[in-house]
Amino acid sequence: MTEFDPERFEAKYAEYFAELQTAYREAFETMSDRYDSDLVHAIDQQVLNESEPFYEGNGEFRLELPDDPTERVTAIIVDDEKLEVVLEIYATEIERELRAVFGFEGDADADDADDVSGEPADE
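Residues -17 to 105 in our numbering are what the sequence shown spells out, letter by letter.
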């Protein structure tokens, strides 16, 4: 666990790059275990690659997504509602992993996350 400094987090990509990678990787693995891996991979590569985490204070993080995130997912065919739900759960999982990586939360388990069918939508 890395000692967290909110001021250093302003330069997160220089100061905490390894920790950010760990949080995103752990979230990806958790999501891949629970949802359709093609959907999770598409979200990872086409939406989350343009996301940015921010420290909000009191051990809380917020993940800012790019504009029109659902329109970015073109690698698979998926119902918009399902995509939005899985994306929201994924963002919450990344925020949870950030809290865990920086020692604000002992267990980053997301068992309480909403469940959604991970099956791809019909073409």
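Every residue gets a Cβ at the ideal spot worked out from N, C-alpha and C, and that includes glycine.
- As the crow flies, the alpha-carbon of Asp26 is around 14 angstroms from that of Thr74.
- With at least 16 other beta carbons inside 10 angstroms of its own, Glu79 counts as buried.
- In the three-state scheme derived from DSSP, where H, G and I count as helix and E and B as strand, Phe86 is classed as coil.
- Checking the DSSP bridge columns, you'll see Pro35 partnered with Leu45.
- Straight through space, the alpha carbons of Ala24 and Tyr(-2) are spaced by roughly 25 angstroms.
- Note that the C-beta distance between Tyr6 and Ile76 is below 9 angstroms.
- For Tyr6, the uninterrupted alpha helix (DSSP H) run begins and ends at Phe(-1) to Arg16, by DSSP.
- Here Arg54 is buried. Its C-beta has 16 or more other C-beta atoms within 10 Å.
- The residue among Phe86, Val22 and Pro51 with its C-alpha nearest the C-alpha of Ser33 is Pro51.
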